[in-house]
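Trainee: Questions regarding the structure given below will be posed in turn.
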C-alpha cells in the first residue's frame, strides 16, 4: 500500500474524533478479549504504523515489538512517548527477521488487508509465534464495509476485504499441515455505522454477545494447541 503523509495525517486526525476514538477503543477491546494477552508477554505487531497500538500494549505491561515497511511511519512511532525506538523495526510481513517462536502472540490490526503475499505473511506470523496469531480485519460482509469496497479511496484503495469465513479458509489452506494442532476462532464488533454507534454503545455490546458474522470489524485468532510433553 502506498502510504502518504497526507493519508497518515488524515487518519491521525480522524482517530481523535468521537467516531475515531470509539473505533479505536472497540478494536483494542476486541484484541485483548480474543487474544487473552497477559502482562509480560512478548507481542509482535505486524504493520505497526505510527505506533498507536504499540504504546497501548506497552501501557498494558506487555513487551511489544513493531515491524512496519514504511520508514516514515516508523519515525513517527519512535517519536511517541513510551515507545522503545529499538523495538520499532523496518521490514515486511512476508519476511519477518525473527527466529521461530520468538513471540507469545503476533498481531495484525487492520494491516493484513494490505499485505501483498498474504499466504507467506500468514506462514511467517505462525512461524515466529509460539502461542497465537491474531488478525484484526475489516469484515467484507459488514454494512459499512460493503460501501467501502465500492468506494476505493484514501486508505481503502489497495485493501483486500475478507469475510470471516474466507479468512478461515485461507488459514486452513495455508496451515493444512498444522490443522490438527491449531484452533481457529472469529469474533466480531462494530455492527453499527460509526456516525452514531458511539451514542448507543450498548447496541454494539449486545450484538457482540450474539456474535453475528456482520460486524464491521472482526478478530480471527489462530491458537496453537499445547502438545503432550511440552
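Numbering (this note's numbering), first residue to last: 68 to 297.
Where is the CB? At the ideal position from N, CA and C, for every residue including glycine.
Bear in mind that the values here come from a model prediction, so they are computed numbers and not experimental data.
1. Helix, strand or coil for residue 301, going by three-state DSSP, please let me know.
2. Under the three-state reduction of DSSP, which class applies to residue 291: helix, strand or coil?
3. Which of the three DSSP states is assigned to residue 221 in this structure?
4. Can you give me the start and stop residues for the beta strand (DSSP E) that residue 112 sits inside?
5. Quick one: grab the DSSP three-state call for residue 89.
6. Can you grab the Cα-Cα spacing for the pair residue 285 / residue 189, in whole Å?
7. Excluding the 5 residues flanking residue 206 on each side, which residues of the same chain have their C-beta closer than 7 Å to its C-beta?
8. If distances are taken between C-alpha atoms only, which option among 187, 237, 174, 92 comes closest to residue 257?
9. With respect to the alpha helix (DSSP H) encompassing residue 145, which residues constitute its N-terminal and C-terminal limits?
10. At 4 residues or longer, and completely inside the stretch 156 to 207: list those alpha helix (DSSP H) runs for me, N to C.
11. Shortest alpha-carbon distance to residue 245 belongs to which of 126, 293, 115?
12. Measure the Cβ-Cβ separation of residue 171 and residue 109 and say whether it is below 7 Å.
13. Going by other Cβ atoms of all chains shown within 10 Å of its Cβ, with 16 needed for buried, is residue 290 buried or exposed?
14. DSSP three-state label for residue 211, please.
15. How is the beta strand (DSSP E) around residue 148 delimited, first residue to last?
16. On the three-pair Cβ rule with 8 Å, is the stretch 189 to 203 touching the stretch 96 to 114?
17. Output the residue ranges of the alpha helix (DSSP H) runs that lie fully inside the stretch 227 to 296 and measure 4 residues or longer, sorted by chain position.
18. So the candidates are 280, 137, 112; which of them puts its Cα closest to the Cα of residue 124?
19. With DSSP run on the structure shown, which of helix, strand or coil describes residue 75?
20. With burial defined as no fewer than 16 other Cβ atoms inside 10 Å of the residue's Cβ, what is the status of residue 153: buried or exposed?
21. Run the CB neighbour count on residue 143, radius 10 Å, all protein chains shown included, and call it buried at 16 or more, exposed below.
Mentor: Based on what the coordinates show:
1. Residue 301 lies beyond the range of the chain shown here (68 to 297); nothing can be said about it.
2. Looking up residue 291 in the chain shown gives position 224. If DSSP states are grouped into helix, strand and coil, residue 291 belongs with the strands.
3. Against the chain shown, residue 221 aligns to sequence position 154. In this prediction, residue 221 scores a pLDDT of 48, lower than 50, which makes its location untrustworthy; no coordinate-derived value is stated.
4. Working through the chain shown from its first residue, we reach residue 112 at position 45. Here the beta strand (DSSP E) through residue 112 covers 109 to 113.
5. Locating residue 89 in the chain shown gives position 22, where the first residue counts as 1. Here residue 89 sits in helix by DSSP.
6. Mapped onto the chain shown, residue 285 falls at position 218. Mapped onto the chain shown, residue 189 falls at position 122. When rounded, the distance between both Cα atoms is 17 Å.
7. Taking the chain shown and counting its residues from 1, the one referred to as residue 206 is at position 139. So the qualifying residues of the chain are 212, 230, 231, 255, 282, 283, 284, 285.
8. Stepping through the chain shown from its first residue, residue 257 is reached at position 190. The shortest C-alpha separation from residue 257 is found at 92.
9. As a first step, residue 145 must be located in the chain shown, where it is residue number 78. Counting along the chain, the alpha helix (DSSP H) containing residue 145 begins and ends at 138 to 145.
10. 185 to 195
11. One-based indexing of the chain shown puts residue 245 at position 178. Looking at the Cα atoms, 293 is the closest of the given residues.
12. The residue labelled residue 171 in the question sits at position 104 within the chain shown. The residue labelled residue 109 in the question sits at position 42 within the chain shown. Their beta carbons are under 7 Å apart, which means residue 171 touches residue 109 by this criterion.
13. Walking along the chain shown from the start, residue 290 turns up at place 223. It counts as buried.
14. The sequence position of residue 211 within the chain shown is 144, counting from 1. Helix, per DSSP.
15. Translated into positions along the chain shown, residue 148 becomes position 81. Unbroken run through residue 148: none, as it is neither H nor E.
16. yes
17. 231 to 241, 261 to 264, 268 to 277
18. Here residue 124 is taken as the residue at index 57 of the chain shown, counted from 1. The residue with the shortest Cα to Cα distance from residue 124 is 112.
19. Within the chain shown, numbered from 1, the residue matching residue 75 stands at position 8. Three-state DSSP puts residue 75 in a helix.
20. Reading the chain shown from its first residue, position 86 is the one you call residue 153. Label assigned to residue 153: exposed.
21. The count along the chain shown starts at 1 and reaches residue 143 at position 76. Buried.
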